[in-house]
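What follows is a short report on a single structure.
Residue numbers (our numbering): 752 to 894.
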């Protein structure tokens with residue numbers, strides 16, 4: 752849905768075959784998955800720094816008695832958080848230093864910068880040229 756709105760704003764259709772990454776980068780918008788990961792890690796750091804008797808910390812570490820249901824294992828909150836920690840490259844012990852934690856977990860804003868490397872630039876130039884071609888022929892409300 753997010754990319755659909757960006758395309759609509761720029762006057763780009765799917766037929767223009769402009770990559771979603773090029774559209775997001777043009778507007779300086781980060782993928783929603785990255786922003787959600789950042790928010791989850793920010794919340795997790797808050798919980799780890801909280802007192803041991805706080806409701807959020809008790810709820811996070813709560814062990815529920817009984818068996819898990821059969822079939823495919825469900826995705827649990829802690830499983831997602833551990834995956835987010837692995838992707839961000841941080842350890843839960845670092846959460847005690849709030850400034851360091853925020854520095855390491857706020858990666859989504861850095862994604863708006865153009866990627867480095869030969870292959871990344873080559874692929875993005877093609878997308879940007881198509882995006883610029885589409886934008887040059889687009890009519891905006893102010894026109």
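Ideal placement from N, C-alpha and C gives every residue a C-beta, glycine not left out. Here the structure is a predicted model, which means the values were calculated and not measured.
For residue i, is the classification buried or exposed, using 16 other Cβ atoms within 10 angstroms of its Cβ as the cut-off for buried?
| i | result |
| --- | --- |
| residue 784 | exposed |
| residue 769 | buried |
| residue 815 | exposed |
| residue 806 | exposed |
| residue 796 | buried |
| residue 766 | exposed |
| residue 838 | exposed |
| residue 856 | buried |
State the Cα-Cα distance for the pair residue i and residue j, rounded to the nearest angstrom.
| i | j | result |
| --- | --- | --- |
| residue 779 | residue 754 | 12 Å |
| residue 895 | residue 775 | Past the boundaries of the shown model lies residue 895; the chain is included only from 752 to 894, so the question cannot be answered. |
| residue 851 | residue 845 | 7 Å |
| residue 803 | residue 809 | 7 Å |
| residue 869 | residue 771 | In this predicted model, residue 869 has a pLDDT of only 46, less than 50, meaning its place in the structure is not dependable; the value taken from the coordinates is given anyway. Those two C-alpha atoms are separated by around 20 Å. |
| residue 834 | residue 842 | 11 Å |
| residue 813 | residue 761 | 47 Å |
| residue 820 | residue 836 | 26 Å |
| residue 830 | residue 824 | 11 Å |
| residue 752 | residue 854 | 29 Å |
| residue 801 | residue 764 | 47 Å |
| residue 759 | residue 773 | 14 Å |
In the DSSP assignment, the alpha helix (DSSP H) including residue i goes from what residue to what residue?
| i | result |
| --- | --- |
| residue 767 | Premise fails: residue 767 is in no alpha helix (DSSP H) and is neither H nor E. |
| residue 849 | 849-856 |
| residue 786 | 783-800 |
| residue 844 | It is not in any alpha helix (DSSP H) - residue 844 carries neither H nor E in the DSSP assignment. |
Pick out whichever of the options has its Cα sitting closest to the Cα of residue i.
| i | options | result |
| --- | --- | --- |
| residue 799 | 786, 811, 757 and 837 | 811 |
| residue 788 | 828, 766 and 803 | 828 |
| residue 791 | 832, 761 and 809 | 832 |
| residue 757 | 856, 802 and 777 | 777 |
| residue 849 | 773, 759 and 793 | 793 |
May I ask you to check if the CB of residue i is nearer than 6 Å to at least one heavy atom of the ligand MN?
| i | result |
| --- | --- |
| residue 850 | With respect to small molecules bound, the structure shown includes none, and the ligand MN cannot be examined in it. |
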